[in-house]
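Input: a single structure, listed below in structure tokens.
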Amino acid sequence: MRVQRAVLVTRQSLSVTALIHILDTRHLGHSGIVAATALETKDGIALFDTGPESTFENVIADLQKAGFDAKDVRHVFLSHIHFDHAGAAWRFAAPARNGGIGAKIYVHPRGAAHLIDPTKLVESATRIFGDDMERLWGTIGPVPKERVRILEDNETVRVPPFEVRAVATPGHASHHHVYHWDDNVFGGDVAGVRIGNGPPIPPFVPPELHVESWLESIHKIRALNAASLYLPHFGKITGPVSDHLDRLEERVVKWSEWFRDRIQSGANEEQLRSDFAALEHSEIDAVTSLVTDHESLVTLYEAADPSYMAAGASIRYWKKYHPQEVS
Ligand SMILES: [Zn+2]
55 MRVQRAVLVT RQSLSVTALI HILDTRHLGH SGIVAATALE TKDGIALFDT GPESTFENVI
115 ADLQKAGFDA KDVRHVFLSH IHFDHAGAAW RFAAPARNGG IGAKIYVHPR GAAHLIDPTK
175 LVESATRIFG DDMERLWGTI GPVPKERVRI LEDNETVRVP PFEVRAVATP GHASHHHVYH
235 WDDNVFGGDV AGVRIGNGPP IPPFVPPELH VESWLESIHK IRALNAASLY LPHFGKITGP
295 VSDHLDRLEE RVVKWSEWFR DRIQSGANEE QLRSDFAALE HSEIDAVTSL VTDHESLVTL
355 YEAADPSYMA AGASIRYWKK YHPQEVS
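In the working numbering, the protein residues as written are 55 to 381.
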């Protein structure tokens, strides 16, 4: 009896590993920076984030390498609606009757309206990325309303043999979910960016950075006690999940206080951008300097999460939520 159970456990854990595929979007020609994560289920492929629309074909190519077809994607769980995560959602949702894929798109309540009508999202992204929108993200399109399913905090979706639970995890964005099934978490951006064998870093971006929420979200993820953590930037983390989260948490605190002190002493956004880039790059270099394709890790981190965005995000956060601490 005892032996049989041990065999069963081994088989289960083996099959769980084999059921997940990291699809590399190869965004802007870089491998290993933006992933779509595919889970094999009895009800087709469940995708966690899609990558941007500009890399849709690359995701499909990787899916085919894993033995599947675009039409096998039945469920798309979005961590949040930033274009590097959800930009291709409308391509997966396009109605099957018109030759599309017809997948169901799951999203946080505050993200749904922007998927259905991305006009405001495009406007606010254009303020950040300007003329670079098309090159970075491709074509932005609406997700048909009938394909969108809103998930509240703690709501579950049966995707046999799994039950996928949405966990509301604001901080990076107010409308952010991580997803939990079995012993796995898909962490979105609130669980950090970790490229190659580099350190975990928190992507501070405008306009919804909220430090206290971020720390609470890290506690929520830690409490899930999962053995495996999958990141959109990038892939399954090696080493214990708790170590990753500890180092991420330390950096959320350290970086936000670093910004607070410099804003308080009168640094402008331009100075903050260059000083912060130097800080971040030194922390990445301190861990290791090269990955397998010999591009420097700093370049890859900058491609996945441009450091300049942290300055504007932090100024906004401190002035809005703690004005007395930076005046
Ligand atoms: Zn991202």
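The beta carbon of each residue, even a glycine, is placed where N, CA and C say it ideally should be. None of these values were measured; they are calculated from a predicted model.
With H, G and I counted as helix, E and B as strand and the rest as coil, what does DSSP make of residue i?
i: Leu101; result: strand
i: Ser282; result: strand
i: Ala238; result: Before going on, a small fix: residue 238 reads as Asn here, not Ala. Of the three classes helix, strand and coil, the one that applies to Asn238 here is strand, per DSSP.
i: Ile255; result: strand
i: Thr79; result: coil
i: Ser328; result: helix
i: Pro290; result: First, the residue type needs correcting, since residue 290 is Lys and not Pro in the sequence shown. DSSP places Lys290 in strand when its eight states are reduced to three.
i: Val352; result: helix
i: Glu334; result: helix
i: Val202; result: strand
i: Lys158; result: strand
i: Leu93; result: strand
i: Ala222; result: strand
i: Phe122; result: coil
i: Ile182; result: helix
i: Ile194; result: coil
i: Glu217; result: strand
i: Arg314; result: helix
i: Arg145; result: helix
i: Ile87; result: coil
Pull up the distance between the alpha-carbon of residue i and that of residue j, whole angstroms please.
i: Ile249; j: His287; result: 6 angstroms
i: Phe382; j: Glu188; result: Past the boundaries of the shown model lies residue 382; the chain is included only from 55 to 381, so the question cannot be answered.
i: Glu266; j: Val244; result: 12 angstroms
i: Val372; j: Pro257; result: Note that residue 372 corresponds to Trp in the displayed sequence, not to Val. Between Trp372 and Pro257, the C-alpha separation is close to 16 angstroms.
i: Pro261; j: Ile338; result: 25 angstroms
i: Leu278; j: Gln118; result: 32 angstroms
i: Lys158; j: Arg316; result: 45 angstroms
i: Ala340; j: His139; result: 28 angstroms
i: Phe122; j: Ala332; result: 43 angstroms
i: Gly156; j: Ala148; result: 5 angstroms
i: Ile275; j: Arg181; result: 32 angstroms
i: Asp103; j: Pro198; result: 17 angstroms
i: Leu82; j: Ala142; result: 15 angstroms
i: Ala120; j: Glu94; result: 10 angstroms
i: His84; j: Ala357; result: 8 angstroms
i: Val218; j: Asn238; result: 10 angstroms
i: Ile99; j: Ile74; result: 10 angstroms
**Prompt:** Where the beta carbon is closer than 5 angstroms to any heavy atom of ligand 1, which residues qualify, in chain order?
**Reply:** The set of residues with a C-beta under 5 angstroms from any non-hydrogen atom of ligand 1 comprises Asp138, Asp243, given in chain order.
**Prompt:** Would the segment 156 to 166 and the segment 222 to 229 be scored as touching if the rule is three or more Cβ pairs under 8 angstroms?
**Reply:** Counting C-beta pairs with one atom in each stretch, the segment 156 to 166 and the segment 222 to 229 have three or more that are closer than 8 angstroms, which means they touch.
**Item:** Validate contact between the segment 326 to 341 and the segment 354 to 367 using beta carbons, cut 8 angstroms, 3 pairs
**Value:** Yes, since at least three Cβ pairs between the segment 326 to 341 and the segment 354 to 367 fall closer than 8 angstroms, the two stretches touch.
**Message:** Below 8 angstroms, how does it come out for the segment 122 to 134 and the segment 226 to 235: are there three or more Cβ pairs, yes or no?
**Reply:** These segments touch.
**At least 3 beta-carbon pairs within less than 8 angstroms: the segment 107 to 114 vs the segment 210 to 220** = The count of Cβ pairs closer than 8 angstroms, one atom from the segment 107 to 114 and one from the segment 210 to 220, stays below three, leaving the stretches out of contact.
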